[in-house]
Structures are given as C-alpha cells and as structure tokens.
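Presented below is the structure to which this report refers.
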Amino acid sequence: MNPLDPADVATASHRRAFLARTGIGLGSIALHTLFGRDHLAAGASSQSLGLPGLPHYAPRAKRVIFLCMAGGPSHLESFDYKPELAALSGQPMPASFTEGQPIAQLQGQVLKAQGPMTRFGRYGQNGQEISDFFPWTQKLADDICIVRSLVGEQINHDPAHTFMNTGTAISGRPSIGSWVNYGLGSESNELPGFVVLTSEGGRNPQPIASRQWAAGFLPSQFQGVPFQSTGAAVHYVRNPPGIRSTQQQELVRTVARLDRHRNEQVHNQEIDTRIAAYEMAYRMQTSVPELMDLADESPTTLAMYGATPGDGTYASNCLLARRLAERGVRFIHLYHRGWDHHDRLRKYMNICCGLTDRATWALLTDLKQRGLLEDTLVIWGGEFGRTPMVQLKGGKGPGRDHHIKGFSMWLAGGGIQGGITYGATDELGYHAVENIVHIRDLHATLLHLLGIDPQRFSVKFQGLDMRLTGVEPSRVVQEILT
Amino acid sequence: MLKRVAFVLFCLICGRHPAAWGHTPRLDFNRDIRPILSDKCYHCHGHDAEQRQAGLRLDQEVAAKANLGGYRAIAPGDPDASELVARIVSSDLQLKMPPADSGKQLQAEEIATLRRWIEQGAAWSEPWTYVPPLHHPIPEVRQVGWPLNWVDRLVLSRLETARIEPAPEADRVTLIRRVNFDLTGLPPTPDEVDAFVEDRRPGAYVRLVERLLASPHYGQRMASYWFDLVRYADTVGYHGDQDHNIAPYRDYVIDAFNDNMPLDRFTHEQLAGDLLPETTGRSKKVERLIATGYNRLLQTSHEGGIQPKEYLAIYAADRVRNLSSVWMAATMGCCQCHDHKYDPYTSKDFYSMEAFFADIDEAGHFTKGGNALPTQRPPELDVLNRTQRGRLTQLENQIAVMKRRSDSHASETDQIRQLEKACQAIRAQTRRTMVTVSIPPRTIRILPRGDWLDENGPIVEPAVPEFLGRLEVGGRRPNRLDLAHWLTDPQQGVGGLTARVFANRFWYLCFGTGIARQLDDFGGQGEPPANLALLDNLAIELLESGWDVKQLLKLLVTSRTYRQSSLDRPEVASLDPYNQLTARQARYRLPAEMVRDQILAVSGLLVDARGGPSIRPYQPAGYYRNLNFPKRTYHADTDSHQWRRGVYMHWQRQFLHPMLKALDAPSREECTAGRPRSNTPLAALTLLNDPSFVEAARLFAQRILTEGDSQTQSRLDHAFRLAVSHRPDATERRLLTELLQSRLQQFANDPEAVEQLLQIGVAPIDQHLDPVELAAWTSVARAILNMNETVTRN
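Sequence order for the protein chains is A and B. Sequential numbering of the first sequence, starting at 1, is according to this note's numbering. Sequential numbering of the second sequence, starting at 1, is according to this note's numbering.
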C-alpha cells in the first residue's frame, strides 16, 4: 500500500490506526469522496492532519510565504549586475546567445542589447549586489540568499505561472500550496491552510488565474482560498443582510441537528463530514473578519509596513501574511501584479519597488522580531526574468521582454543561508551557466525544507505517480541550506 | 490497497476466505497480475523502448518467458527458477527489484500473488481493454424472482457467489426522486410523487421512466455531463480568459440528447460535421457545423508575445488528450514526450493522431483574436437556434406562396411586408459560434520530448494508433471523418472499445461509480472492471441498439439493481467497501448544477427557458479582480435569466462562479469524466450565504405561506414535501418549529433586519404577507435548503 495514495489513505484499517494515533473521533473527521472513493481528510477541510509518515524527516520550515512579483521582474535591474551588457548597450545582441531560443514579443525584430538601467551597490557582510531600485531589500542583504541562475520553460505569463506553481504547464495539476497542505496538513482549525492575496500597481496588471491555487487532482479542500482585500474577505463569509451572528449560529445548529437526526436512520459518514464542514464554515465567519481586522496592530507596525488597513495594497497583504503565519496557515501566496515591464522599465520599476520594497523588508523584519522567520521559508521572485535585449514598445521608453533562460529570485528564513549569492548567468545575463537552478530544483528544495522527500511525495493520478517535481530529474539545492 | 480489496473481493467471489484456502485460488492475469506488473515494473520493463532496462520486457508474454541465456524472468510453473521471483525477494540491494530509487515497493501480498501465479502456470492474457467486448452468457441465479432483466442476473449471480443479499427495493418516494435526478437533474413535484406512489397499476415505474426520458430536461441533464468531458466553457482559458462564441454548441448538444441522436452520429457530427456528406435538408447542415464547435472548445491564448508555432503544438496536443480521454478512456497525453509507459501507445501514435486535426483553420487565433469581449476566433458562423430556424422557414415559405399568387392586392403587399419584417426580426437574433473549417493540412512532425522547437522529428500522416489497426481509405489522406467512423465502428475500428467507455459512464451516471472505476483510464494503470461480463454486455447492447442512449439508460434504471435501497449494511460494507458488486444503490451529494436547479425548483423560482446565451447569476463583487485584458465587470442578470438552470451558467474557466467551484464543478480546462464529491466549509458558506440561495429561501417561504393552510404543521409538511419529497417526522417538526418561534420573536423586534433580509435578490416580494412572518419562514426555509437530504441523491 502506498501511504501517499489518496485512495489508500482512506482504508478502514488505516483510518482506525490513524484515529487511534491522533485521538480524534469520527465526528470531527471528514471523509472526502473522490470518484466514489473515500478519502481521509479533516472535517474542517483545511485543518487536515496531513498524511501518515509525513514529514519524512525533521522540517527546517513549517510554512511558506511566496512573494510573487507577477509579470516577471528584471533580474538585470535587481540582483544580476552585468557591466559587459552596459558596454554592448545599443549594439546587436550576438546571435550566439539568441539563436534558436524562444522569443516572446520580440519575435521577428532586430535584437539589441540593453545595459542595466540603474546602478548597483554591494551590501551586507558579503557584499551582495543589489540594485538601487531596492533600497529596503539592500538592508536585508545578510538575511537573503540570492539565486541568480533560475531557469524556466515557459515564456508566456499564464503558462509560466502555472509551471512555477504546479511544475507543469498542463492544466489540472495541484499547486505547491495544495501539495504542501495535502502532505503536511494545516495547523489552523479556523482558517484554510492555503491563502492567496493579490495586489496591483505598476504596469497593466497581470491576470492571475485561479488555476494558480487550484488543488488539481487532490481533494478540493486543499485548494488555495483567495482572500479579498475589499468586500467580504472570503466569498460568502459574511452573513446575509438581516441575519445576525447568533441567528446564523442557531441556523447552523438546527441544520446539524436535522442532519444528525436523519443520520440515525441512514448511518452515512459523509453526513458527519458535512456537519463538521458547517461548523468550520461558521468558525470562519468569525475568524476571517478577525484576521482581516488590523485594529489590534500598533501604529508602529502599520508604519513599518506602510500599510493602511483595508487599502488592499501589497503592504497590507504583507502584514496579513504575517498574521496568517502566526495563525498556522501553511502556505501564503502573495501576488503583486505590476511587473511586466515591456516598456518604460525604469518608471515601472520605481513604481513597483515603491509599492513593495519596504513592505517586503517589514515582513521579514517583523517575522524575525517575532521569532517566526526561523521556521518560515520566504521566497521572492516572478514567473521569469527579462531579456538582456531592449524592447521599444510603442516608442515609450526602453523595456525588456520575457526571459526564461536565466533569472533571479531570493529565499530567506527557515533552513536558508542568508547573505549569500548562488549561481550565475553568462556575461550578458542571458543563460544561467553556473549552478543552474531549474524551477523543479526550487520545488525540490522547498519540499525538502518542509521535511518532505520530493522523490517520495507522489500521488496516483491517471495511473501515474504524480510529483510536484515531475518526471525529469530534480535536486535539492543543498549549497544554499544552513 | 485497492489491489488488496480486489483480492479480498476475488476470494469472496470464489466463496473462499483468505484464511481458509484449501486450494490455491486461480489467479487471473488481467485482474490480479497485470496491475502489479504495470505499477511496479513497466516503468523500466514495459512499452517504452527508451526507458527499457536490461532489454527485459514484462508487458509481452513471449519476452517475459523467453530464455535469457540459461534462465528466464518467468518460468511457468516454477517460481524458484524464475529470475523475477529471485529479484523481488532478494535482500541484496544491488539486485532487489524494484530498485530503491524507483520509489516503488512490492508488498508481501503482491510478491505472494506473483509467486502463486507462476506456480499456477503463469497464464497470460491480452489486456482486457483492447479485446473487443464479447457477449457473455447470462448466468442462472438461485433467486429467480429477483431479476427484472439480464443486468440483474449478471449482478445477482456475483452477489450469490459472494453470499451477499441484494439490498431491498427502495421505497417509491426515494425511487421517483432518484430517477428524477438521474434522468432530468430535477426533483419531482409533490403531485408527481403522489401520483407515482398511488399508481398501483402494473408498469407504473416504467411509465415514469418513459415520461422522464421524453422530458426536455433529460437533454439538459445529459449535456451537463457531456460538457465536462469535452471541456465546454464560455471563455478561452489562458491569460486574459476572454469570452469566446460557442453557446449555440450547447443548444446543439442538449437537442441531440433530447432527440436521442445515436451516439455514433453524435460523434461524427462533432468531430467532422463539416466533412459529412450532404444527405439531409438545409437546417441539418447548420447543426452539423455548429457541432464541429467541438474542435474549437480547447483552451486558447491571446496573450501578447505568444509564439504561434508553440501554441499550435499546444492546441494539437490538447485535442489528442481530449479525444483519447473522451472516446477511448486512454491517457495518450503521456505520449506527447515519450512512448506510453503502461499502455501500447507510442509517441508516433500521438503525433499521428494530431495529424487528423492538422486541417483545422485556426490561423485567426493569432491574427484576429485579441482582447475584445468576446474575442474573435474565426472561423465563426452566425446561426439561429432550431425554433428560430423553423419559424423562419415557415415565414419564408408563406412569403413565397403569397408572392407566387402575386395578384398584388395592396393588402397582400402589406402582409408580405409584415412577414418580411418578422423574418428580419428573427434574423437579427443570430448568435455567433465557432465552427470547424477544413484547409490544406499543415505539416505535423513528431516532436522529440514534446519540444516544439525541435524540428528533427519525422513527419507523420494521420493514422490511428498502430497496435489498434489501420484505416483503409484507398490511398488518400485519412481525415477527421475517417477517425470518427473508426471510433464508432465495431468491425473496422474500435467501436467496441468506445461502447465500453460510454456504457461504463452511463452506469456511473445511474450508480454513482463506474463498473471500471477509472472513467477516463482503461489502460494498464486503470482498474479492470469489477464485472467484465456486465460491462461487455452493456457495450454490446449499446452497439446492437444502434448507439441508442435512451434505451441503454432505460435498461439500467428499470433494473432491480437500480431500484435497490442505498442504505449501507455494515456486514456488506465490510465485505465490499467500494460497493463494486452493487449490493445497494449509492448516496451522494448532487452535482453543482443540480444543487442549484433543485433549490430553484423547490423555491418555485426555476425558469424553464431553453437555449440562448449564457446566464449570469449573482456573483460576489470584485470576483473578477484578478482578470485583465480587458478588465472585467460582471453584470448579474436582472430578469428571469437569473433563475434558469445551471447548465446555462456562464462558464468562466479561470474564475468559475464560486458556487460551481465550491461544489466541485470543474474548470473545464481538461476532460473531467467523474467529478470529485467534496464536503467543504466553502461549500457550506455557499449554501448558507450565496444570495441566490437566500433569495430562493425567501421565495420558498413565500410559497410555503401562500400555498398551504395557515397551520405551522401543515406548512412544514408542504415545505418538506417540496424539498425532500416526504413529510417531516416529529423531531424534524419540533426542531423547525423551535427555529420558527425564535425567529418570529426576534424579527418582531428587529424591523431593520426584516427589511434587509427580504431585500435580497431581485424576485418581487408578495406584499400581502406579513414581513415578520415571511422573514421568520425564510429562516426556516434556509434550514431546510441546507439539510443534507435536500441536496442528496440516494
């Protein structure tokens, strides 16, 4: 029996052993049915208890905060300084770099090099190179590990995000947050284990499909739940107008009694699950507004993030990310949607960094102050980087096109060595050439830090052992771990 | 574990308990051995030549038993001389199979099973999937009075062998409710329930079934399932997720099911309606073209900077994945990068299948498709629906007749003008829909590792998978129509396989699970059918009836097997936990659209309008905030479209309506043959608080207050009969009465709350009713609509 097969986890004997182990009665356990199969899953949906046997080994991080700069921030204006590119600026890009390579919006155009559009400095004890667009990240130089050798496979936004989040561009696969919650369960019994927050600003906002937080073939309870910054944070989490909280509670209680009464005749476990789901739903009606209400945050904290409660900004989302982390949410995914800088890159970098840089610093600092950073993995980056070639879209000022053959991200927190730079691209910032980190390797490293052996973490789907890291070889990037 | 269950079942079926094996039970290769070999060995010793280790194949009998220079992997009758056994029991990590780094492990039981099978002579058989269905003899049974048709005898015979009693027949109320949901997706009205319960004449149930199959709601229900398979949606799916024009295809599918169009014809029209010979009248041609919208249902992208060649490759692969899932229950998608590891499909097969679709004109995707709503995706056709077409023809004929008379009285000229105006009014109602237009085919190559940038692969022509035969088309290039015929022709093609695939799915629609449980994977990694004789005979029934879907469904739902109670019996559950022997019916939450339809029907809000563009129920503000190109504002319908059936809901792939999503409806990015059935807090929040459902509760309350007398008890009786088809018992009455009293009291002191609650939704309020009473009953109605039983089919 494969303990990771959702079909197997539900077997009666297993269930008994599992219940004995956790000391939990059936009343609070949900049995998820997929294609007629029972699944063991936690009743309150997101507060699942994880799979037996997981984590495989002691985790270095308990949770993940993924700060996704959607659109694809330029590595050449953030963490990958290329003086040789400056020397070549305005000249044709050598064909040896570009021949036979996938090209997005620059298809059919003359490819010309574009030097860095800002200055870089060296920061922290090891002199990490960080551009002037990121004055606050500069202060984090000793906390973050910059990886300059990321490689992806998808050159358009939608599939690139899908690849970053699910390990493939094919629709219908679970995203990282779903995988992680499925494997490890959630530590919150009143919030979903996988929460998504989005914000805008900068260039025309990137669409982010709900596929990016889908549970794919995993039970739907593991899907990410997007929290809205305005209106009801979670759809239908507010009582209908005219219904007070006590009434809603009474209603839920009556429904539970009616269901329980019916169940005395039909003896269906699924009804117990349902009752538990209703109870959790009711709890969420209180816990979600509590989470979103920043009234208990000090003015100092709000100022540190630059957040105004309820403004829906990246800064507010960073603060919410910390609150979610405190409450045991396993995977917190933030998207800032303004980073697709095909034109006027300098202008838009200023806007995007202005909206995010300080808040990112505040989040890491706050986590550190509260002792949360040591078991929280924080990842910063986009779905890809940007071309060393210039894009002159509409004559509006130089920008850069999508680029997947070498780009930068940074990691910090649980299990990550701060203050180092890993990997390198070639002299023009085109191809990753040293210590290449494929997105699959990033996935493997993430799982590893959470105590999951990427090779042993698979689920049967359509007869295949599906893994987040896919079928191609992947490796844990041990060199950047503490 | 599944294998263990299968094994326990096997023992049961043989009337033996594992602990009491006097004789070794006879193992069956396809049922007991192939699943083990496939899962644990075929990755390196299977079909994929590139991955094959040590030149050893265990997927072919001759190779597996061949002399390998003094020893054999499998030596029939002699496990100790079989290298396979030596390697799987080896304690030497260098030798042990499967190797540690494969992540695979054989369980002790599996090893014992393999050993025993070799001991028994290692009898081999071809994969059941690719052997055409055979007619299996109908077995004799002991309880001769139980079966109503041959389906029952095939089921009962298995139950008798396993010494399991079939479940008693469900009561008539449960039965009419069950069959209503299964065949129409709607609940029966209290009058229909009464009529059926009281109809003691023979044949009452069969008459009920016939009425439901003839109902126009039948097509809507079946279409919902079809749309999951073919991934029908209103938007393009990638990046900007713009709307595209396809709604007429939805009407076509609904009409096709209602007309009981034979499934083979239905297949031909969708895959190749544009290539079908002209045999019928004008309007039919339009329908055949609308049907070819199937080839355009896939996800497309209009993102700036997409590389046409890459996306043509993506689209082509998408089509093969869908076709193979829908018609063949095959996972050919694996072969985009390599030969299939578990099934005989090759990479060449994959690209040869792609080549059938190489003639589809989709250049417009890259030149015309933009950020408009809807986006342009030529070729498109402006069409009328069937009623409109009929009316138009009628008017045109009338005009022609009048013109022929042409005595040109002023009054007649006037009349003609009127008629022409009417014609114009109808023509103005045309809707646009994507269709298939055939152009000279583009070149299709095998893409090594699926890499569209690699042009070194050989060019392929359209061909069916090699191991399944070849198309005889007299030297011309085979086309989509040839493929469609091949899929449905049991003699020259794989019609038998297709018939099995669909017989299995119709069974699933009536019993909640497939006879073969993997509805989209009949391959080596799927599960063999629990009752092959049953599946085969149903497939043959489907073929012999000329692909008559209604007839097959009638056969299923009129069986005694179908009419069993769904109540689980602990002693049976422990023997057959997955109900693979169908010793009872199934109980499960209704699919998302049916939940909506049920609640709207109960409240009296349901509007039974058919066809037309998609409808837009209320949706949380800002739900589309993460969409762009262009930015999207959702405008909920403010008229009666608000209360139409779920099958007509706007299907936004990237942001599916939260109700649909919470209740497990798929995004329709890929083929979905069976939906998950989850029970989550998000679903609870939806049923509790979605304004569509609160509005429905308000109208349900109105109905309760106006339709019955004024006694609380009879009002509750009526409410329960509407929602769950029976009266409440004493406990249910008490609980709801308590809720009512509490609410009456509270709302009497809270007029503001009353006003707010009654304003939810756009349905008008009956001004004759006391608002406090209406609000209190709305709360009772919410409780009833949220009961498990209300949204459960059992």
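From the three backbone atoms N, C-alpha and C, an ideal C-beta is built for every residue, glycine too.
Residue i versus the options, residue with shortest Cα-Cα distance
| i | options | result |
| --- | --- | --- |
| Ala499(B) | Ser545(B), Gly475(B), His45(B) | Ser545(B) |
| Ser125(B) | Asp264(B), Pro751(B), Pro35(B), Lys40(B) | Pro35(B) |
| His161(A) | Gly71(A), Val151(A), Ala86(A), Ala141(A) | Gly71(A) |
| Val595(B) | Leu555(B), Arg677(B), Leu538(B) | Arg677(B) |
| Thr246(A) | Gln285(A), Met466(A), Arg257(A), His333(A) | Gln285(A) |
| Gly90(A) | Glu99(A), Ser74(A), Ile65(A), Met117(A) | Met117(A) |
| Leu319(A) | Glu270(A), Arg370(A), His157(A) | Arg370(A) |
| Pro591(B) | Phe506(B), Lys661(B), His365(B) | Lys661(B) |
| Ser316(A) | Arg346(A), Glu200(A), Ile439(A), Ser210(A) | Glu200(A) |
| Thr731(B) | Phe227(A), Ser229(A), Asn263(A) | Asn263(A) |
| Arg163(B) | Glu571(B), Arg653(B), Ala317(B) | Glu571(B) |
| Met649(B) | Ile118(B), Ala223(B), Phe196(B) | Ala223(B) |
| Gln60(B) | Asp521(B), Gly273(B), Tyr42(B) | Tyr42(B) |
| Val320(B) | Gln105(B), Ser603(B), Arg231(B), Phe357(B) | Phe357(B) |
Short CB-CB distance (under 8 Å) between residue i and chain A
| i | result |
| --- | --- |
| Arg31(B) | no |
| Asp199(B) | no |
| Phe629(B) | yes |
| Pro676(B) | yes |
CB contact check: residue i to chain B, cutoff 8 Å
| i | result |
| --- | --- |
| Tyr314(A) | no |
| Ala277(A) | yes |
| Val476(A) | no |
| Asn435(A) | no |
| Glu187(A) | no |
| Leu19(A) | In this predicted model, Leu19(A) has a pLDDT of only 34, less than 50, meaning its place in the structure is not dependable; the value taken from the coordinates is given anyway. Answer no: the Cβ-Cβ gap between Leu19(A) and chain B never drops below 8 Å. |
| Ser199(A) | no |
| Val225(A) | yes |
| Ile452(A) | no |
| Leu49(A) | no |
| Met466(A) | no |
8 Å contact criterion, which residue i and residue j should meet: CB distance rounded
| i | j | result |
| --- | --- | --- |
| Gln307(B) | Ile254(B) | The pair is not a contact, with the Cβ atoms about 38 Å apart (cut-off 8 Å). |
| Val151(A) | Ile404(A) | 7 Å |
| Thr267(B) | Trp327(B) | 7 Å |
| Pro388(A) | Gln114(A) | 7 Å |
| Phe79(A) | Ser408(A) | 4 Å |
Sequence-distant residues of its chain with Cβ nearer than 6 Å to residue i (five each side left out)
| i | result |
| --- | --- |
| Val607(B) | Ser640, Trp643, Arg644 |
| Pro133(B) | Gly496, Arg500, Asp536, Ala539, Ile540 |
| Ile784(B) | Ala719, Ala723 |
| Tyr314(A) | Ser199, His336, Leu355, Thr356, Ala359 |
Sequence-distant residues of its chain with Cβ nearer than 8 Å to residue i (five each side left out)
| i | result |
| --- | --- |
| Leu392(A) | Asp343, Pro398, Gly399 |
| Pro168(B) | Gln564, Ser565 |
| Phe655(B) | Asp241, Tyr623, Tyr624, Asn626, Leu627 |
Own chain, CB closer than 7 Å to residue i, minus 5 neighbours either side, in chain order
| i | result |
| --- | --- |
| Thr712(B) | Thr737, Leu740 |
| Gly183(A) | Gly50, Leu51, Leu54, Ile452, Phe457 |
| Tyr634(B) | Arg616, Gln619, Tyr623, Tyr624 |
| Gly493(B) | His485, Trp486, Leu487 |
| Pro691(B) | Tyr618, Ile760, Gly761 |
Residue i beta carbon near the ligand FAD (any heavy atom closer than 7 Å)
| i | result |
| --- | --- |
| Phe366(B) | Among the components of this structure there are no ligands whatsoever, and the ligand FAD is therefore not found. |
Residue ranges of each beta strand (DSSP E) run of no fewer than 3 residues wholly in the segment 218-255 of chain A, ordered along the chain?
none
Continuous beta strand (DSSP E) assignments of at least 3 residues falling wholly in the segment 270-324 of chain B:
none
Runs of alpha helix (DSSP H) wholly within the segment 58-146 of chain A (minimum 4 residues, chain order)
83-88, 95-98, 135-138
Restricting to runs no shorter than 4 residues, where is the alpha helix (DSSP H) found entirely within the segment 457-510 of chain B?
480-488
If you scan the segment 80-128 of chain B from start to end, which runs of the alpha helix (DSSP H) of 4 or more residues do you find wholly inside it?
83-89, 108-119
Where are the alpha helix (DSSP H) runs, 4 residues long or more, that stay fully inside the segment 370-404 of chain A, in chain order?
none
Which whole runs of the beta strand (DSSP E) in the segment 289-343 of chain A are 3 residues long or more, in chain order?
331-336
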